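Encoded as structure tokens, the structure appears first; notes follow it.
Protein chains: 2
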Amino acid sequence: MSDLYEKHEETLSKARDVIHTREEWSAYPEMPSEKHFGEGSKQKGEDDFKALLGGKYEFKVPMQDAEYVQCDATSPYGIDMSMQYPKLDKDTLLERSQQAQKQWRKLDNDTRFGICMEMLDRLSKQSFLMVHSIMHTTGQPYMMSFQAGSAHALERGLETVAYAANAIESTAKTTQWDKVTGKDKEGNLISVKMDKTFKPRGKGVGVMIGCATFPTWNGYPGLFASLSTGNSVIVKPSDKAILPLAITVDIMREVLQDNDINPDVVQLAISNGDHSYTQDIVQDDRIKMIDFTGGNTFGDWLKKNTDGVQLYLEQAGLNNILIESTDNFRAMTSNIAFSLSLYSGQMCTAPQNIYIPKDGIDTNDGHKSFDEVAAGIATATEKLLGDDRRAFALLGALNSEDVNKRVQQSADSNKTFVLGMKTADYADFPDAKTAKPQLIKVSKDDAEMYEEQFGPIAYVIATDDAQNALELVCDSIEQHGAMTTALYSTAEDFKQQAMDEIADAGSPLSVNLTGGVYVNQSSAYSDFHGSGLNPAANTCLTDLGFVAPRFGWVTVREQTN
Amino acid sequence: MSDLYEKHEETLSKARDVIHTREEWSAYPEMPSEKHFGEGSKQKGEDDFKALLGGKYEFKVPMQDAEYVQCDATSPYGIDMSMQYPKLDKDTLLERSQQAQKQWRKLDNDTRFGICMEMLDRLSKQSFLMVHSIMHTTGQPYMMSFQAGSAHALERGLETVAYAANAIESTAKTTQWDKVTGKDKEGNLISVKMDKTFKPRGKGVGVMIGCATFPTWNGYPGLFASLSTGNSVIVKPSDKAILPLAITVDIMREVLQDNDINPDVVQLAISNGDHSYTQDIVQDDRIKMIDFTGGNTFGDWLKKNTDGVQLYLEQAGLNNILIESTDNFRAMTSNIAFSLSLYSGQMCTAPQNIYIPKDGIDTNDGHKSFDEVAAGIATATEKLLGDDRRAFALLGALNSEDVNKRVQQSADSNKTFVLGMKTADYADFPDAKTAKPQLIKVSKDDAEMYEEQFGPIAYVIATDDAQNALELVCDSIEQHGAMTTALYSTAEDFKQQAMDEIADAGSPLSVNLTGGVYVNQSSAYSDFHGSGLNPAANTCLTDLGFVAPRFGWVTVREQTN
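Right, here's the structure in full:
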């Protein structure tokens, strides 16, 4: 048993339990408190971040012979994030990756798991550096950058290591096999005995293509799933969000080298605006698995152009809320307002389309008309974001100029606004691009209008009745895909019907959320992120199907009689 | 718990144990004895087979509105196998398949497993019908038709049901989740409590494309993996081997209907020479997974033309034997002779290329020159097949006119034959196409000559020495793929090195086989068939990676406080 495995065994063992029981648990501190990270850690993280800005990002374990390329970028909060990153050509990357994998795949499984666990642990210790790098590349607010960007991303990574350990240990390492194969001339049974050994081996080189909004949370599952099952990984960040994954690769390479493993098990690939660089990498025969989160254009390109590679894709979707009735109108509207506001609707799990019967709904405050429900959500949103300091903590900034343009164009259109767009002013970041949610009233027949509008734009959709809303929601899941759906209903029969039908349409479902959990959030070890059952994603993050195909088995059998 | 689940629970439970322990076990009788199948069962199977010939194959639970199409075929043993099979157009097949899946995916898992187990059990009971249908479509000899065609195929099917049960039950059905999310105004902890339900759901419609040589053994794993995880399946047999899969589908539909399940969960698709029919089916968006065993042409086409579909492929490979030394020369040559002869080398696991150091090897009978080793194998083969009744029991018949032509052309060439081709005469089947193995001597530099020659053609290849042989074997595995490799060595250091390097090259390996187990055979629950690690197959039959990606998870969570 390796030292690192022993060091982290208790944590891994607990993770392996809870992916079965699905109970609430976490391994890494999710509060940005020095109580967990040590005195001075907060300031040190900020100082380390600032020291990186504008310069060359130097890996502690360099990628030899890499050329430094200038990557220009501006933080969604307005600060200059231009830096230079090391870049290698495709063939060097792939040759080294394949070479490194030869050693990595042969390691004793426990040793490999121990190294993965140590990587997670060291990444956790750098959470106060990660928080700034996430915030200033993605535009996430501070608390989310800390939680989703570091702590929860690490939980998702650990979750895949736990699945890898379960999948690998589902087969005995060795067996003694004994089979009667016939009789000899005297009629005595003849048997053949064999010693068999079963060797799990990673399938080769994986590519993890990072997204611009959640480079770590969406990236760590694939990254650690590939690594823990014995593959090397090329990490290709979005040009908009390089730093968080550069820090990740840096720490991982250091852990590898500290343990006398070829650090090229993990390498960084900087496309820097050159799409053909990424395309050439993913189309190389040595690539056996690709993890991608992002838009349909490149996702669909990957499906068409990577022949027979194992693809784990999360693409665009359209998330719905269905309101049939509620016994806590105020808490419901507050909960929805929070979900619409969090990171300016730029989460793949953020709700966009809110289906409400045109004749209104029953609530604990009596019957509410469609307009009253819509106004309730609008009021709750205004109240939540009225104070710019609270807006700063929740909204964050707009991830890209595309989103900024989209929200401006929408705001300037002649739609029926229940809530018009407003901006927020952040004291520390006067140049931040911000937008509070727009809420637009539409008829169910305006389906084209409420197709995906990534960003803080939401729709209240008047349906014939609750049954009609349910049909429309299920159709939308099947047609456009969905990462999440929310349902509010106190009518037991309708609720059960909706729970069944939305599950069958293939969307994760949250029912009657009124407290401090939001439909946008999925909890590691407990909630499957995505279902693999609708066009938004072809896999769950994380289940056995996400991890087990990344390795194969070699049976070595030797006759012993 | 369903009645069928209860009926078969003990068997399934044992299968779930042994896929972990990998010990020797079997669920279905592998000897064609009436002791297992009841008095008169043997004759009844033959009578039932003969009654089918020449007529319409009528399903006991018909595919409504199917048109009967004439499918002409001749048994490799020479008898007329022309029959009429029911055929539906693509859209009808897919619509019905999708419709049927909606019910199937929602069944309680135990109910679904119970139905799959009942299908296997009823198929086993028809082993004496299956044996003739396998023999006269594939050309397998009788005993192999019984074992590989029925008993062992069923074991491989059961194995996937066991993996499905393990994968599905790896997640609790429900959990109560409780998380502290903050404090109220009085400083008391606030928590959110949720009831969560986790619903596994099949991803949609699968296609199982049967092969011409092992329609059931290679087909049942994918078929039962898809079914047991909640998918419907369209079974597309090879035009050369329709009957075994028609019988399979027939029995499955009957079991479905007996249990009030829509029988279209399993349907038959007859391409009948029309490639575009198959291509249209597999390219339909509703298809989520494809299982295929066969040549590289269609396998590579599938990789290129089925965008983002989960592919489980077994394609062409090149299987090697490396002889460094042996302590039982006679038993080694006998074992190899058997492997070369079994089903005329038409197994995807049959060895073709035998690497021997040019200066010969050490044996229990002293040093043997290269030519002596080659002659030993040739002599053992001649002895094994000298008697035509024994040849009939081992060789079977040539699967196709392609194979027949290939062996003729090879036999007519001016190669250096250690063993020339001979035919066999079978008393009961005067028109059978037969060929005993050819053994051809080549230098290691004639690599093009010993590329894959599907059929009874093998090569003895003179290498510089044992190390050189090991390098060539590993290169061949990585370049051409391999389903099996055999090694003979008594030199402990070399043996360990070869075991390591061949495992790392990614081929299953059998060492020092001298008894009644052959390199061609892989044993369900114990040996992984293929590794998923070389070009011959992208997956193991069977491991978690073969089963788990066929379904996803829906999380339904409801706040309870």
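The listed protein sequences derive, respectively, from chains B and R.
Note that the numbering used here has the first sequence beginning at 10, numbered continuously upward.
Note that the numbering used here has the second sequence beginning at 10, numbered continuously upward.
Glycine residues also receive a C-beta, built at the ideal position from the N, C-alpha and C atoms.
This structure is a prediction, so every number in the text was calculated from the model and none was measured.
So for Phe426 of chain R, helix, strand or coil by DSSP? strand
At a Cβ threshold of 8 Å, is Ile243 of chain R touching chain B? no
Determine the direct distance from the alpha carbon of Gln447 of chain B to that of Arg415 of chain B, and round the result to whole angstroms. 11 Å
With 7 Å as the limit, tell me which residues of the stretch 29 to 47 of chain R have their beta carbon closer than that to any beta carbon of chain B; keep them in chain order. His29, Thr30, Arg31, Glu32 and Glu33
How close, in whole Å, do the beta carbons of Ala400 of chain B and Val469 of chain B come, if the pair is a contact with beta carbons under 8 Å? Contact flag wrong, Cβ pair sits at about 22 Å.
Could one say the Cβ of Gly215 of chain B lies closer than 8 Å to chain R's Cβ atoms, at least one of them? no
Counting pairs of beta carbons, one from the stretch 546 to 558 of chain R and one from the stretch 217 to 234 of chain B, are three or more of them closer than 8 Å? no
Sort out for me which residues DSSP pairs Gln79 of chain R with in a bridge. R:Gln93
Pro253 of chain R: first and last residue of the uninterrupted alpha helix (DSSP H) it sits in: Segment Leu252 to Asp267, the alpha helix (DSSP H) holding Pro253 of chain R.
Return the first residue and the last residue of the beta strand (DSSP E) that Tyr364 of chain B is part of. Asn362 to Pro366
Just the C-alpha distance for Leu311 of chain B and Ser142 of chain R, rounded to the nearest angstrom, thanks. 42 Å
Neighbour flag for Asp552 of chain B against chain R, beta carbons, 8 Å: Chain R, which has a Cβ nearer than 8 Å to the Cβ of Asp552 of chain B, makes this yes.
Whole angstroms are fine: how far does the CA of Asp12 of chain R sit from the CA of Leu403 of chain R? 42 Å
What are the start and end residues of the beta strand (DSSP E) that includes Asn329 of chain R? Asn329 to Ile332
Can you give me, in chain order, the residues of the stretch 516 to 530 of chain B that have a beta carbon less than 8 Å from any beta carbon in chain R? Ser516, Pro517, Leu518, Ser519, Val520, Asn521, Leu522, Thr523, Gly524, Gly525 and Val526
So, helix, strand or coil for Asp502 of chain B, using DSSP? helix
Taking Cβ-Cβ distances shorter than 8 Å, what residues in chain R pair up with Ser179 of chain B? The answer, in chain order, is Ile28, His29, Asn175 and Leu553.
First and last residue of the uninterrupted alpha helix (DSSP H) at Arg131 of chain B: Counted as a single uninterrupted DSSP element, the alpha helix (DSSP H) harbouring Arg131 of chain B occupies residues Asn118 to Lys134.
Based on Cα-Cα distance, which residue from B:Gly148, B:Asn329 and B:Gln185 lies nearest to Gly87 of chain B? Out of B:Gly148, B:Asn329 and B:Gln185, B:Gly148 has the C-alpha closest to the C-alpha of Gly87 of chain B.
Is the CB of Asn118 of chain B under 8 Å away from at least one CB in chain R? no
Selection of the stretch 205 to 230 of chain R by Cβ proximity to chain B, strictly under 7 Å: Lys205, Phe207, Lys208, Arg210 and Lys212
What residues of chain R sit near Phe537 of chain B, judged by a beta carbon separation below 9 Å? Thr180, Phe207, Gly561, Trp562, Val563 and Thr564
Straight-line CA distance for Thr499 of chain R to Phe68 of chain B? Using only the alpha carbons, I get a separation of about 48 Å.
Hey, how far is the Cα of Asp300 of chain R from the Cα of Met203 of chain B? Each residue's Cα considered, the two are about 31 Å apart.
According to the Cβ coordinates, are Gln276 of chain B and Leu102 of chain B closer than 8 Å? The answer is yes: Cβ separation under 8 Å.
With DSSP as the reference, label Lys16 of chain B as helix, strand or coil. helix
Does Asp273 of chain B pass the burial test, meaning 16 or more other C-beta atoms within 10 Å, or should it be called exposed? buried
In this structure, does DSSP put Leu232 of chain R in helix, strand or coil? In the three-state reduction of the DSSP assignment, Leu232 of chain R falls in the helix class.
Which residues in chain C have a C-beta closer than 7 Å to the C-beta of Asp187 of chain R? List them in chain order. The chain labelled as chain C is not found among the protein chains of the depicted structure, namely B and R.
Using a Cβ-Cβ cut-off of 8 Å, state whether Ile260 of chain B counts as contacting chain R. no
In the DSSP assignment, find the alpha helix (DSSP H) that holds Lys208 of chain R and state where it starts and stops. Run containing Lys208 of chain R: none in the alpha helix (DSSP H); it sits in the beta strand (DSSP E), Leu198 to Gly211.
At 3 residues or longer, what runs of the beta strand (DSSP E) sit wholly inside the stretch 522 to 570 of chain R? 560 to 568
In chain order, what are the residue ranges of uninterrupted alpha helix (DSSP H) at least 4 long that sit wholly in the stretch 385 to 438 of chain B? 397 to 404 and 410 to 421
For Glu323 of chain B, does the three-state DSSP call read helix, strand or coil? strand
Kindly list the residues whose CB is nearer than 6 Å to the CB of Tyr435 of chain R, restricted to its own chain and excluding five residues on each side of it in sequence; keep chain order. Phe401 and Ala441
Taking 8 Å as the cut-off, decide whether the C-beta atoms of Leu540 of chain B and Pro517 of chain B are in contact. Per the sequence shown, the amino acid found at residue 540 of chain B is Ser instead of Leu. One thing to note: Ser540 of chain B has its Cβ within 8 Å of the Cβ of Pro517 of chain B.
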